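Top to bottom, those sequences are chains A and B.
Residue numbers for the first sequence follow my numbering, beginning at 1 and rising by one.
Residue numbers for the second sequence follow my numbering, beginning at 1001 and rising by one.
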Amino acid sequence: GAVVSQHPSRVICKSGTSVKIECRSLDFQATTMFWYRQFPKKSLMLMATSNEGSKATYEQGVEKDKFLINHASLTLSTLTVTSAHPEDSSFYICSARVGAGVNEQFFGPGTRLTVL
Amino acid sequence: GQNIDQPTEMTATEGAIVQINCTYQTSGFNGLFWYQQHAGEAPTFLSYNVLDGLEEKGRFSSFLSRSKGYSYLLLKELQMKDSASYLCAAGSLGRLYFGRGTQLTVWP
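See below:
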């Protein structure tokens, strides 16, 4: 149980375009999902907390207009990188928390974004 | 703010024991997690400590001292497949804040 999927696994796009990444909890309902980005040989940096039915909470320094997060249902959160630039190239990972008051998070397989 | 610190790299030989240390400073602390991550893959959960002391799970054990802001992950009977990055993460107000990860290389 507690499987999280991401789509796509890899995406290459041109500078200036927007890219949408989906995160789904396959066998449980996730009221809270999280989005991270990871640079090579670096750790995961929390970008935002995505709450079903409400606005995402962004970490300090993360541009909310650049990284649009939507959590329309209990099993789906999306991250849209708007007007992507080469410096947005990274590994984006989502995670989902199984329930309220539970700290453990289950991670998706990640999405490798390359902006040319 | 959050500050999670762990060594960048460690090496060990097959069959040995290795201890990966982690220190943390965070507000609203509510638990310490260890994850394993292979290159290009998602992190997988290893252990969770919320109370002081040692939690043992097979070849892996994790220790927490809340008063010292300190944790370690102990890996016994090392195998080649244990070569990976080990991430320490502090839980704070429902979120996880990660250290940079310790890249462990196991040699035959």
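We treat Cβ as the ideally placed atom computed from N, Cα and C, and that holds for glycine.
Only a predicted model underlies this, so the values are computations on that prediction, with no experimental measurement involved.
Just to confirm, are residue i and residue j a CB contact at a threshold of 8 Å?
i	j	result
Ala30(A)	Leu74(A)	yes
Thr1105(B)	Tyr1086(B)	no
Ser43(A)	Gly1058(B)	no
Ser95(A)	Met33(A)	yes
Val944(B)	Gly1028(B)	With chain B represented from 1001 up to 1108, any question about residue 944(B) goes unanswered, as that position is not in the structure.
Ile21(A)	Leu116(A)	no
Between residue i and chain B, is any beta-carbon pair separated by less than 8 Å?
i	result
Leu44(A)	yes
Phe39(A)	no
Gln122(A)	Residue 122(A) cannot be examined here, being either before or after the span of chain A that is shown, 1 to 116.
Ile69(A)	no
Compare the C-alpha of residue i against each of the options and name the closest.
i	options	result
Lys1068(B)	Gln1025(B), Thr1008(B), Asn1030(B)	Gln1025(B)
Thr80(A)	Gly53(A), Ala48(A), Val19(A)	Val19(A)
Thr1023(B)	Glu1014(B), Met1010(B), Leu1073(B), Gly1040(B)	Leu1073(B)
Ser5(A)	Pro40(A), Phe106(A), Leu113(A)	Phe106(A)
Gly53(A)	Pro40(A), Leu76(A), Leu26(A)	Leu76(A)
Cys1094(B)	Thr49(A), Trp35(A), Ile21(A), Ser15(A)	The residue asked about is misnamed: residue 1094(B) is Gly in this sequence, not Cys. Per the Cα distances, Thr49(A).
Thr1008(B)	Cys1088(B), Glu1041(B), Ser1061(B), Leu1046(B)	Cys1088(B)
Lys66(A)	Thr111(A), His85(A), Gln38(A)	His85(A)
Under three-state DSSP, which class holds residue i?
i	result
Glu87(A)	helix
Leu116(A)	coil
Val81(A)	strand
Arg97(A)	strand
Leu74(A)	coil
Gln105(A)	strand
Gln1103(B)	strand
Within the 8 Å Cβ cut-off, does residue i reach chain A?
i	result
Arg1066(B)	no
Ala1042(B)	yes
Gly1058(B)	no
Gly1099(B)	yes
Phe1063(B)	no
Phe1029(B)	no
Leu1104(B)	no
Tell me whether residue i counts as near the ligand FAD, meaning its Cβ is closer than 7 Å to at least one heavy atom of that ligand.
i	result
Arg37(A)	Looking at this structure, you won't find the ligand FAD or any other ligand, since it has none at all.
Quick one: which unbroken beta strand (DSSP E) runs of 3-plus residues sit fully inside the stretch 1007–1095 of chain B? Chain order, please.
Correct list: 1009–1013, 1018–1025, 1029–1037, 1044–1049, 1053–1057, 1060–1065, 1070–1075, 1084–1092.
In chain order, which beta strand (DSSP E) runs of at least 3 residues are fully inside the stretch 3–65 of chain A?
4–7, 10–13, 19–25, 32–38, 44–51
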